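Asks: Before I ask anything, let me first share the structure, which is written out below as C-alpha cells.
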Amino acid sequence: MFCIQCEQTIRTPAGNGCSYSQGMCGKLAATSDLQDLLIYMLQGVSVYAVKAREMGIVDTEIDSFVPKAFFSTLTNVNFDDDRIMAYAHQAAKYRAQLKASYEAACVQAGVTAEQVPEVAQLVLGTNKIEMLAQAPIALLNKDKHEVHEDIMGLRLLCLYGLKGAAAYMEHAHVLGQTDAEVAGRFHEIMSFLGEPSVDADKLFTTAMDIGQLNYRIMAMLDAGETQAFGHPEPTVVNTKAVKGKAILVSGHDMKDLELILEQTVGKGINVFTHGEMLPALAYPAFKKYSHLVGNYGSAWQNQQKEFANFPGAVVMTSNCIIDPNVGSYSDRIFTRSIVGWPGVIHLEGDDFSAVIDKALALDGFSYDEIPHQITIGFARNALMAAAPAVVENVKSGAIKHFFLVGGCDGDKADRSYFTDLAKSTPKDSLILTLGCGKYKFNKLEFGDINGIPRLLDVGQCNDAYSAIQLAIALSEVFECDINELPLSLVLSWFEQKAIVVLLTLLSLGVKNIRTGPTPPAFLTANLAKILEDKFGLRNTTTVEADLKTMLNVA
Ligand code: FSO
Ligand code: SF4
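Set out below in C-alpha cells:
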C-alpha cells in the first residue's frame with residue numbers, strides 16, 4: 001500500500017506515507033490497494049468518456065458514477081473491500097459500454113478508433129485474490145525511483161485535489177445538480193492523471209484547473225442546497241441532549257436528513273445533527289420539523305466517544321467514519337451512499353425504517369440537559385444581508401479585520417492552534433468559520449460588534465463558496481483586490497476536500513493563506529517554496545507570530 005492523502009499520514013525520515021500493513025486511519029493495506037485499483041479503472045472509464053464525447057456521445061449515468069465511486073476512496077469514507085470491488089467491477093462494465101459506443105460511432109463516421117492508453121485496457125480480475133495481484137500497476141508511487149519527487153508531489157496534489165472535487169460533484173448530484181461540461185472537464189483531468197505525466201508545468205496548470213473546476217462545482221452545490229432547502233438564516237441551535245428516543249445524522253448529505261425527518265414525523269423520535277450536518281439546522285426547509293431538536297457532539301474524530309454515548313441510532317451520510325467497533329456501536333450505526341464499514345448495515349434507497357426501528361428499540365435520552373445555545377447560519381445570503389452593516393462598521397473603524405478559519409478538525413494536540421488563534425483575535429475583528437474545524441471553538445462566547453456576532457459560521461467546508469462571495473462583494477464595495485482586504489485565511493486541513501478548496505482559492509488568486517497544523521506530506525520542500533513564492537502560501541507557526549503578521553499584512 002501507499003497512501004499519503006491526509007494530514008495524519010505516517011511521516012518518517014525514511015519517507016512519508018502510510019505504506020505498511022495499515023494506515024493511521026485504520027485502512028488496511030488490501031483496502032488501500034483495492035482503492036488504487038478502483039481509481040485506475042475509473043481513469044480508464046474517463047479515457048473512454050473523453051473519446052465518446054469526441055463522437056458526440058455523453059452518458060450522464062456514467063458521468064455521475066465516476067466521481068461517486070472516486071469519492072469512496074477519500075479518507076475515512078469506505079473501508080469495505082467488497083463495496084470497493086463492486087465499484088471496480090461496475091467501472092469495468094461502464095468502460096466496456098463506452099468503448100462499444102465509441103467504436104460503433106467511429107465505424108458509422110468512417111474513422112478509425114484511436115488507440116487508448118494502458119490505463120483503459122486492464123482486464124479486471126474477477127475476485128479479490130486476482131485483483132490484489134493486479135494492484136501494483138495502480139500503486140500511486142509505483143515509478144518513484146524513476147521520477148523526481150517534485151513530479152510525484154504534483155501528481156498527488158492533482159489526484160487528491162480531484163478527489164475532493166469528485167466528492168463535491170457527488171454532493172451536488174444528490175441534489176439534482178449536474179453539468180455535462182463540468183463532467184467532461186472532470187473526465188479529461190481524470191484521464192490525464194491516468195497517464196502519469198512528468199511535465200511539471202502541465203501538472204501545475206492542471207492543479208489550478210482542478211481549483212477552477214471545483215469553483216464551478218461548489219457553485220452547483222450551493223445552488224442545489226439553496227434551491228432544495230432555502231437560504232440559511234441566522235439560527236440559534238441547542239447543543240445539549242433532549243429527553244426521548246433519538247437519531248443522530250452525521251456527514252454532509254442534507255437530502256438524507258430530509259428523508260429521515262419526513263419519515264420520523266409523529267414517531268416520537270428526536271433527530272440531532274452531528275459534525276458537518278450542523279449547518280443544516282439553519283436552512284428554512286428543516287425548520288418545520290419540530291423534532292429536529294439540535295446538534296449533538298462535535299467533529300468527526302470524537303465520534304467513537306460521542307456515538308458510544310448517544311443512546312440512539314446513528315446515520316453516516318458521508319465522511320468521516322472511523323472504526324465503530326471501538327465504541328461498540330456497530331449494531332446501531334448505518335452507512336449511506338459511498339460510506340462503508342465491514343459488518344455495518346449499509347442502506348440504499350429512500351427507506352429509513354431500519355434506522356427508525358433501531359431508534360425505537362433503544363432507550364433514547366432519559367433526561368434533558370441544560371441547553372447550551374450557539375448561533376449558526378451565516379452563509380451567502382445572510383452574509384450579504386449583513387454586508388451593509390459590516391461595511392458601515394469597517395468604515396467607522398469598529399471592524400478592523402476579518403479572519404476566515406476554515407477546514408477540518410482532527411485529534412492532534414497541535415490543532416489547539418486554531419482555538420488559541422480564535423481566542424486571541426482582537427475584539428474589533430470578525431471570525432468566519434466553515435467545515436468541522438470550528439468545533440474547536442464554536443461553543444465559546446465571542447460577543448458582538450454593534451450587534452454583529454463576532455463569530456459567524458458560514459457552514460460546511462463546501463460553503464467556502466459563500467465566504468468567497470462575501471470577499472468578492474467586500475472587494476467591490478471597497479474597490480480593491482481581494483488580497484488588499486483586511487482578511488486573513490487560515491485553513492486547518494485534514495483531507496482531500498480541504499485540498500481542493502485550497503486549490504480553488506489559489507486558482508482565484510487568493511494570496512497569503514496559512515495552512516496547518518502540518519503541511520501535506522506529499523508536498524516537497526521545493527513545491528512548498530514555489531507555492532510560497534507564487535501565492536504567499538505558508539504553514540501556520542505560532543499564534544502570536546502569525547497574528548502579528550496577519551494584522552500587519554492588512
Ligand atoms: Fe470535516 Fe471530514 Fe467537511 Fe472533511 S467531516 S474533515 S474537509 O470530511 O468534509 O469538514
Ligand atoms: Fe494514511 Fe491518511 Fe491514507 Fe489513511 S487516508 S492510509 S491515514 S494517508
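In the UniProt record's numbering, the protein residues as written are 1 to 554. Using N, Cα and C, we set each Cβ at its ideal position, and we do this for glycine too. All values derive from a computational prediction rather than experimental measurement.
#1: Answer yes or no: the CB of GLY437 versus the heavy atoms of the ligand FSO, is any distance below 8 Å?
#2: So, using beta-carbon positions, are TYR289 and VAL314 closer together than 9 Å?
#3: Determine contact between the region 59-75 and the region 162-180, defined as no fewer than three beta-carbon pairs at a distance below 8 Å.
#4: Which residue comes first and which comes last in the beta strand (DSSP E) that contains residue 560?
#5: With respect to the beta strand (DSSP E) encompassing LYS245, which residues constitute its N-terminal and C-terminal limits?
#6: LYS469: beta carbon under 8 Å from a heavy atom of the ligand FSO?
#7: Just verifying my parser: in three-state terms, what is the DSSP assignment at residue 557?
#8: With 16 other CB atoms within 10 Å as the buried threshold, where does ALA120 fall?
#9: Measuring only from the beta carbon, is GLU369 closer than 8 Å to any heavy atom that is part of the ligand SF4?
#10: Quick check on DSSP: helix, strand or coil for GLY407?
#11: Helix or strand or just coil, what does DSSP make of ARG538?
#12: So, does the region 445-455 touch the region 481-489, judging by three or more C-beta pairs under 8 Å?
#13: Would you identify the three-state DSSP class for ILE399, choosing helix, strand or coil?
#14: At what residue ranges does the region 209-266 contain a whole run of the beta strand (DSSP E), taking only runs of 3 or more?
#15: Let me check understanding here. Comparing Cα to Cα, which of ASP350, PHE65, PHE2 lies closest to MET41?
#16: Per DSSP, which residues does ARG336 bridge with? Please list them.
#17: Do the CB positions of ALA30 and ASP81 come within less than 9 Å of each other?
#18: In three-state DSSP terms, what is PHE79?
#19: Just the C-alpha distance for ALA554 and ILE137, rounded to the nearest angstrom, thanks.
#20: If you run the structure through DSSP and keep just helix, strand and coil, what is ASP448?
#21: Assign PRO453 to one of three DSSP states: helix, strand, or coil.
#22: For LEU485, name the three-state secondary structure that DSSP assigns.
#23: Can you grab the Cα-Cα spacing for the pair GLN43 / GLU130, in whole Å?
#24: Count the CB pairs spanning the region 471-483 and the region 434-444 that are closer than 8 Å, and state whether there are at least three.
#25: I'd like to check one pair, ASP209 with residue 556: are the Cβ atoms closer than 9 Å?
#26: Using DSSP with H/G/I as helix, E/B as strand and the rest coil, what is ALA554?
#27: In angstroms with no decimal places, state the Cα-to-Cα distance between ALA109 and ALA49.
#28: Cβ-heavy atom distance between ASN442 and the ligand FSO below 8 Å?
#29: Which partner residues does THR433 have in the DSSP bridge list?
#30: Between which two residues does the beta strand (DSSP E) holding ILE10 run?
#31: Based on the DSSP output, what are the partners of SER492 in its beta bridges?
Replies: So, from the data block:
#1: Here residue 437 is taken as the residue at index 437 of the sequence shown, counted from 1. The answer is yes for GLY437.
#2: Looking up residue 289 in the sequence shown gives position 289. Looking up residue 314 in the sequence shown gives position 314. No.
#3: yes
#4: The structure shown does not extend to residue 560, since the chain is modelled only from 1 to 554, so the question has no answer here.
#5: Locating residue 245 in the sequence shown gives position 245, counting from the first residue. Start and end: 245-250.
#6: As a working note, residue 469 is residue 469 in the sequence shown. The displayed chain sequence assigns Gln, not Lys, to residue 469. The answer is no for GLN469.
#7: Nothing can be reported for residue 557, as the shown portion of the chain is limited to 1 through 554.
#8: The residue you call residue 120 lines up with position 120 of the sequence shown. By the neighbour-count rule (16 or more Cβ atoms within 10 Å), ALA120 is buried.
#9: Indexing the sequence shown from 1 puts residue 369 at position 369. Every heavy atom of the ligand SF4 is 8 Å or more from the Cβ of GLU369, so no.
#10: The residue you call residue 407 lines up with position 407 of the sequence shown. Reduced to three states, the DSSP call for GLY407 is strand.
#11: The residue given as residue 538 occupies position 538 in the sequence shown. Reduced to three states, the DSSP call for ARG538 is strand.
#12: no
#13: Looking up residue 399 in the sequence shown gives position 399. Three-state DSSP puts ILE399 in coil, outside helix and strand.
#14: 235-238, 245-250
#15: The residue given as residue 41 occupies position 41 in the sequence shown. The residue with the shortest Cα to Cα distance from MET41 is PHE65.
#16: If you number the sequence shown from 1, residue 336 lands on position 336. According to DSSP, ARG336 bridges with LEU347.
#17: Reading the sequence shown from its first residue, position 30 is the one you call residue 30. Reading the sequence shown from its first residue, position 81 is the one you call residue 81. For ALA30 and ASP81, yes; Cβs fall inside 9 Å.
#18: Position 79 of the sequence shown, counting from 1, holds the residue named residue 79. Correct three-state label for PHE79: coil.
#19: Taking the first residue of the sequence shown as position 1, residue 554 is located at position 554. Taking the first residue of the sequence shown as position 1, residue 137 is located at position 137. Residue confidence is low: ALA554 scores 45 on pLDDT, short of 50, so the model does not pin down where it sits. No coordinate-derived value is stated.
#20: Numbered from its first residue, the sequence shown carries residue 448 at position 448. Reduced to three states, the DSSP call for ASP448 is strand.
#21: Translated into the one-based positions of the sequence shown, residue 453 becomes position 453. Reduced to three states, the DSSP call for PRO453 is strand.
#22: Residue 485 sits at position 485 when you count from the first residue of the sequence shown. LEU485 falls in the coil class under three-state DSSP.
#23: Numbered from 1 along the sequence shown, position 43 holds the residue referred to as residue 43. Numbered from 1 along the sequence shown, position 130 holds the residue referred to as residue 130. Their Cα atoms are separated by approximately 20 Å.
#24: no
#25: Within the shown structure, residues of the chain are numbered from 1 to 554, placing residue 556 beyond reach of any answer.
#26: As a position in the sequence shown, residue 554 is number 554, starting the count at 1. Confidence in ALA554 is poor, its pLDDT being 45 and thus under 50, which makes the residue's placement unreliable; the coordinate value appears in the next sentence. Residue state, collapsed to three classes: coil.
#27: Position 109 of the sequence shown, counted from the first residue, corresponds to residue 109. Position 49 of the sequence shown, counted from the first residue, corresponds to residue 49. Cα to Cα, the separation comes out at about 18 Å.
#28: As a position in the sequence shown, residue 442 is number 442, starting the count at 1. No, the Cβ of ASN442 stays beyond 8 Å of every heavy atom of the ligand FSO.
#29: Here residue 433 refers to the residue found at position 433 when the sequence shown is read from its first residue. DSSP, once it has assigned bridges, lists VAL405, ASP457 as partnering THR433.
#30: Against the sequence shown, residue 10 aligns to sequence position 10. First-last for ILE10: undefined, no H or E at that position.
#31: Residue numbering aside, residue 492 sits at position 492 when the sequence shown is read from its first letter. Its beta-bridge partners are GLY407, GLY516.
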